[in-house]
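The block underneath contains the structure these notes are about, expressed in C-alpha coordinates.
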Amino acid sequence: MAKLTEQERIVRQNYETFRAELQWMLPAHDGEFVVVRNRKVIGFFPSPTDAREFGEENFPDGRFSIQEVTERKAFISPHVYAVRDGKA
0 MAKLTEQERI VRQNYETFRA ELQWMLPAHD GEFVVVRNRK VIGFFPSPTD AREFGEENFP
60 DGRFSIQEVT ERKAFISPHV YAVRDGKA
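Per numbering that gives the first Met the number 0, residue 0 is the first one in the sequence shown, and the count goes up by one each step.
Here it is as C-alpha coordinates:
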(Lines of atoms letter the chains of each structure in order from A; the text may use other names.)
(Lines give C-alpha, C1' and ligand atoms only; values in the text may rest on other atoms or scores of the structure.)
Protein backbone atom coordinates (compact mmCIF):
# COMPACT_ATOMS: atom_id res chain seq x y z
CA MET A 0 0.00 0.00 0.00
CA ALA A 1 1.35 3.41 -0.97
CA LYS A 2 2.24 5.87 1.74
CA LEU A 3 -0.04 8.90 1.98
CA THR A 4 1.26 12.29 0.95
CA GLU A 5 1.10 15.07 3.53
CA GLN A 6 -1.85 16.64 1.69
CA GLU A 7 -3.72 13.31 1.57
CA ARG A 8 -3.12 12.83 5.31
CA ILE A 9 -4.49 16.32 6.05
CA VAL A 10 -7.57 15.73 3.88
CA ARG A 11 -8.30 12.44 5.65
CA GLN A 12 -7.87 13.96 9.10
CA ASN A 13 -10.17 16.83 8.22
CA TYR A 14 -12.75 14.41 6.81
CA GLU A 15 -12.61 12.37 10.02
CA THR A 16 -13.28 15.58 11.95
CA PHE A 17 -16.18 16.41 9.63
CA ARG A 18 -17.78 12.98 10.16
CA ALA A 19 -17.28 13.19 13.94
CA GLU A 20 -18.90 16.67 14.11
CA LEU A 21 -21.63 16.11 11.51
CA GLN A 22 -24.54 15.37 13.86
CA TRP A 23 -24.37 18.75 15.59
CA MET A 24 -23.85 20.59 12.27
CA LEU A 25 -26.81 19.06 10.40
CA PRO A 26 -29.75 20.76 12.15
CA ALA A 27 -28.47 24.30 11.56
CA HIS A 28 -26.22 23.93 8.51
CA ASP A 29 -27.67 21.17 6.29
CA GLY A 30 -26.76 21.89 2.66
CA GLU A 31 -24.10 24.48 3.53
CA PHE A 32 -20.37 24.01 3.04
CA VAL A 33 -17.98 23.81 5.97
CA VAL A 34 -14.29 24.68 6.01
CA VAL A 35 -12.19 22.39 8.21
CA ARG A 36 -8.53 23.04 9.03
CA ASN A 37 -6.25 21.23 11.46
CA ARG A 38 -9.16 19.06 12.62
CA LYS A 39 -11.21 22.14 13.55
CA VAL A 40 -14.48 23.42 12.09
CA ILE A 41 -13.70 26.96 10.91
CA GLY A 42 -16.92 28.24 9.33
CA PHE A 43 -19.99 27.61 7.17
CA PHE A 44 -20.75 29.02 3.71
CA PRO A 45 -23.71 28.95 1.31
CA SER A 46 -21.68 27.64 -1.66
CA PRO A 47 -18.47 25.71 -2.29
CA THR A 48 -17.12 28.75 -4.14
CA ASP A 49 -17.61 30.95 -1.07
CA ALA A 50 -15.94 28.32 1.12
CA ARG A 51 -13.00 27.95 -1.28
CA GLU A 52 -12.49 31.71 -1.56
CA PHE A 53 -12.51 32.03 2.23
CA GLY A 54 -10.02 29.16 2.56
CA GLU A 55 -7.67 30.54 -0.07
CA GLU A 56 -7.75 34.04 1.46
CA ASN A 57 -7.19 32.87 5.02
CA PHE A 58 -5.00 29.79 4.52
CA PRO A 59 -2.62 30.43 1.62
CA ASP A 60 -0.80 27.18 2.40
CA GLY A 61 -3.89 25.39 1.04
CA ARG A 62 -4.22 23.15 4.09
CA PHE A 63 -7.96 23.20 4.51
CA SER A 64 -10.85 21.03 3.43
CA ILE A 65 -14.37 21.79 2.26
CA GLN A 66 -17.30 19.45 2.81
CA GLU A 67 -21.00 19.78 2.16
CA VAL A 68 -22.95 19.38 5.38
CA THR A 69 -25.02 16.35 4.43
CA GLU A 70 -25.41 12.75 5.47
CA ARG A 71 -24.63 11.52 1.94
CA LYS A 72 -21.24 9.85 1.56
CA ALA A 73 -18.60 11.93 -0.20
CA PHE A 74 -15.68 10.97 -2.39
CA ILE A 75 -12.65 12.78 -1.02
CA SER A 76 -9.56 13.66 -2.95
CA PRO A 77 -7.03 16.47 -2.62
CA HIS A 78 -7.29 16.95 -6.40
CA VAL A 79 -11.04 17.22 -7.00
CA TYR A 80 -13.41 20.17 -6.63
CA ALA A 81 -17.14 19.55 -6.66
CA VAL A 82 -18.86 22.79 -7.58
CA ARG A 83 -22.64 22.85 -7.33
CA ASP A 84 -23.34 26.49 -8.13
CA GLY A 85 -21.70 26.42 -11.58
CA LYS A 86 -18.74 28.58 -10.53
CA ALA A 87 -15.19 27.31 -10.47
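Here a beta-carbon is modelled for each residue, glycine too, at the ideal position from N, C-alpha and C. The structure displayed is predicted, hence computed values, not measured ones.
Do you know whose CA, among 34, 5, 4, lies nearest residue 58's CA?
Mapped onto the sequence shown, residue 58 falls at position 59. Nearest option by C-alpha distance: 34.
Where the beta strand (DSSP E) through residue 34 begins and ends:
To locate residue 34, count along the sequence shown from 1; it is residue 35. Run containing residue 34: 32-36, per the beta strand (DSSP E) assignment.
For a test of the three-state rule: what should DSSP assign to residue 67, helix, strand or coil?
Here residue 67 refers to the residue found at position 68 of the sequence shown. In this structure, residue 67 counts as strand in the three-state DSSP scheme.
Inter-residue spacing [alpha-carbon to alpha-carbon] between residue 36 and residue 1
Working through the sequence shown from its first residue, we reach residue 36 at position 37. Working through the sequence shown from its first residue, we reach residue 1 at position 2. If I take the Cα positions, the gap works out to 24 Å.
Stretch-stretch touch, CB-based, cutoff 8 Å, three pairs: the segment 6-23 with the segment 48-55
Result no; under three Cβ-Cβ pairs closer than 8 Å.
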